[in-house]
Amino acid sequence: DVAVQYGASVPWLRSEDLATDTSDVIHTVIDLLFKFQQMEVFFDSVLLLQPTSPFRKPETIRHAVETHQVTGKSVVSVSPISLKPSWCRSIDSQGNLVKPELFQDLEIYCNENPIYKLNGSIYIATAKQIIENKSFYSEPTKPLLLNSISESIDIDTP
């Protein structure tokens, strides 16, 4: 109602199952792509800027779009993390702390390779990739490295 009041065109609303706190945004994007296709409106690519990451810079968004246009690949923003597998433990069935076996290989990998987390700030992919993979992430995907803490902030994350 507010969007219409300010002049926005609202051709439809999300279905209830796509409008919950737990629904995945990718399902909403796919639903919108199909609705537009039914209206014979087609998109080459989709750029998703989630409102929970409000501190992106315009030049960062432009860089993501340019990377996508030049490579034709999906582009997803990432941030470096300093995972220390040697500090990770799980709790076994007897309630004891144990070092998971899978972390032994991960520790070697992390010592030799920097690792990154998807930070949810910027996603861009072709409409075809999104529909086929049900994701903005497809093999291969180009990273958009955000070293800036402010651009990587997700206000939905504690």
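Just so we're aligned: the sequence shown equals residues 1 to 158 in the UniProt record's numbering. The beta carbon of each residue, even a glycine, is placed where N, CA and C say it ideally should be. Being a predicted model, the structure only gives us computed values, none of them experimental.
- Ranked by Cα distance from K128, the first of P11, I30, L118 is I30.
- Out of Q5, Q37, Y6, the CA that lies nearest to the CA of I131 is found in Q37.
- Taken atom to atom, the span from the alpha-carbon of I26 to that of D1 is near 24 Å.
- Exposure of V10 is indicated by the presence of fewer than 16 other C-beta atoms within 10 angstroms of its C-beta.
- Below 8 Å, too few C-beta pairs join the region 84–97 and the region 142–157 to call them touching: fewer than three.
- Using a 10 angstroms sphere on the CB of L146, the tally of other CB atoms reaches 16 or more, which defines it as buried.
- P80 carries a strand assignment under DSSP once its states are collapsed to helix, strand and coil.
- In terms of CA proximity to S74, A125 leads the group D44, E59, D17, A125.
- S82 has its alpha-carbon roughly 38 Å from the corresponding atom of R14.
- One thing to note: I108 has its Cβ no nearer than 8 Å to the Cβ of I61.
- Residue range 115–126 is occupied by the beta strand (DSSP E) that includes A125.
- A check of alpha carbon separations from S79 across R56, V70, V98, A8 identifies R56 as the nearest.
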